[in-house]
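**Q**
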Ligand SMILES: NC(=O)c1ccc[n+]([C@@H]2O[C@H](COP(=O)([O-])OP(=O)(O)OC[C@H]3O[C@@H](n4cnc5c(N)ncnc54)[C@H](OP(=O)(O)O)[C@@H]3O)[C@@H](O)[C@H]2O)c1
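In the working numbering, the protein residues as written are 251 to 658.
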């Protein structure tokens, strides 16, 4: 039975391939015909699918933010789709719906392997087959154990030509949050710090608003919007009474707001408490947090997440992230303060660092960007690799990242 199917697949695959080639054809002096796929067109359409997929970042967790482009047999873009807010519908059925009958004999460019399992909707691999797609180009295999190569296999078994690995590195970087949650059981973590020329994040009195200018602050809001959650330590929640929402971008969604506090000693009448019913507030506390405070915050609408505590009696960074991953988060944006930032760096859980540097000097009595780390030697210091530098108004943004080759 299996061999009958596969030999039928082979016939169908070669017939379809030759159909595409004949349609495409190349005549002397005419160059590649419009419908003919080349490495360059594959990369171009995948880059467009990547851009589409990125629209879902921060709003589709725990699902991946996938983009899909349908190109008809003549090489024209016929449909576009990206994962809808909340994760459904997936990118592929939306792009196919837009393409209609133009999908027949065409190519689907999908940033991630199409799903193979029936959940709330039929598998996307099946939907692509039924739409008559002749070729599927993907960037990477989906490591979700429910897919893990099954989507590609289902397509191939139906005679669809499958090409994978197109723009893999770029798509992997965009999908890091989803990949991290599946393979490491925790979300990707971006740490953001805004510092003075001398590496301070606040004056001696704790004043930190605003060290950087409006362009940098706008970028911070855009970064918040592309993450599932914004996180701060309890010290920042106590000192600044922050709102931690995305403002000034005209968007319709808000990331979850996470505060890390072992004892839950947080202002019960602050901004977070007042707005917990409007925008989610998750409080990550230790097992010894006061029962009355837990009940009070639950009454205000916050979600309480018990996390393990480390030998230093603080919330354990790895346990904190595993708890957030189990709750579904794929991308977390930590905005300090210095004590939490130091603890995260020391635990080696920071994947990306966004350093906003302002041309202001605060002196040694200002708050250092990082709290004590207890390092004995330079060789013990966490080290990140510079990936990009940008000027934002009068400030500098430098982006750093961890080498994740052996991790994700
Ligand atoms: N310029 C900037 O980018 C920026 C950003 C943020 C903050 N700030 C400034 O930084 C100051 C606050 O910084 P901070 O260092 O005092 O506070 P923080 O890092 O925001 O919070 C530290 C507190 O978080 C809780 N915590 C739980 N687990 C922890 C862990 N593993 N490691 C560290 N802390 C943990 C503890 O409070 P519990 O006892 O409640 O558990 C601890 O006292 C404020 O003045 C604020 O304005 C500046």
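Using N, Cα and C, we set each Cβ at its ideal position, and we do this for glycine too. Please read these numbers as outputs of a predicted model, since none were measured by experiment.
#1: Looking only at its own chain, which residues have a Cβ that is under 6 Å from the Cβ of residue 493, when we skip the five neighbours before and after it?
#2: Given 7 Å as the limit, tell me if residue 511 has its C-beta closer than that to any heavy atom belonging to ligand 1.
#3: Quick check: the region 453-460 against the region 561-575, are there 3 or more CB pairs under 8 Å?
#4: What does the Cβ neighbour count give for residue 380, buried or exposed, with the cut at 16 atoms within 10 Å?
#5: What are the boundary residues of the alpha helix (DSSP H) that residue 592 is part of?
#6: Return the bridge partner residues of residue 556 from the DSSP annotation.
#7: With a cut-off of 8 Å on the beta carbons, I'd call residue 638 and residue 649 a contact; round off their distance for me.
#8: Can you tell me the Cα-Cα spacing of residue 643 and residue 467, whole angstroms?
#9: Which residues bound the beta strand (DSSP E) around residue 440?
#10: Let me check understanding here. Comparing Cα to Cα, which of 630, 606 and 640 lies closest to residue 445?
#11: Given the structure, does residue 461 come close to ligand 1, in the sense that its CB is under 7 Å from one of the ligand's heavy atoms?
#12: Using DSSP with H/G/I as helix, E/B as strand and the rest coil, what is residue 547?
#13: Looking at the strands, I want to know which residues DSSP matches up with residue 648.
#14: Would you call the region 357-366 and the region 374-393 touching, i.e. three or more CB-CB distances under 8 Å?
#15: Quick one: is the Cβ of residue 491 within less than 7 Å of any heavy atom of ligand 1?
#16: With DSSP as the reference, please indicate the residues paired to residue 411 in a beta bridge.
#17: With DSSP run on the structure shown, which of helix, strand or coil describes residue 474?
#18: Let's test the definition: count the other Cβ atoms within 10 Å of the Cβ of residue 469 and tell me whether it reaches 16, buried, or not, exposed.
#19: What separation, rounded to the nearest whole angstrom, lies between the Cα atoms of residue 555 and residue 544?
#20: Find out if the Cβ-Cβ distance for the pair residue 424, residue 582 is shorter than 8 Å.
#21: Can you give the Cα-Cα distance for residue 340 and residue 600, rounded to whole angstroms?
#22: Taking contact to mean at least 3 C-beta pairs separated by less than 8 Å, is the region 534-552 in contact with the region 625-632?
#23: Suppose the cutoff is 6 Å on Cβ atoms and the five residues either side in sequence are ignored; what does the same chain contact list for residue 345 look like?
#24: Compute the minimum distance between the beta carbon of residue 444 and the heavy atoms of ligand 1, and state whether it is under 7 Å.
#25: In this structure, does DSSP put residue 328 in helix, strand or coil?
#26: Give the DSSP-derived three-state secondary structure of residue 421 in the structure shown.
#27: Helix, strand or coil for residue 463 per DSSP?
#28: Between residue 503 and residue 525, what straight-line distance do the alpha-carbon atoms span, to the nearest angstrom?
#29: Who pairs with residue 482 in a beta bridge, going by DSSP?
#30: Is the beta carbon of residue 621 sitting closer than 8 Å to the one on residue 592?
#31: Which residue marks the beginning of the alpha helix (DSSP H) containing residue 358, and which one marks its end?
#32: Does DSSP classify residue 523 as helix, strand or coil?
#33: What runs of the alpha helix (DSSP H), each 4 residues or longer, lie entirely inside the region 297-352?
**A** Let me spell this out:
#1: 521
#2: yes
#3: no
#4: exposed
#5: 588-596
#6: 535
#7: 4 Å
#8: 10 Å
#9: 438-445
#10: 606
#11: yes
#12: helix
#13: 605 and 639
#14: yes
#15: no
#16: 385
#17: helix
#18: buried
#19: 10 Å
#20: no
#21: 30 Å
#22: no
#23: 318, 320, 329, 330 and 331
#24: yes
#25: strand
#26: helix
#27: coil
#28: 15 Å
#29: 509
#30: yes
#31: Premise fails: residue 358 lies in the beta strand (DSSP E), 357-362, not in any alpha helix (DSSP H).
#32: helix
#33: 341-349
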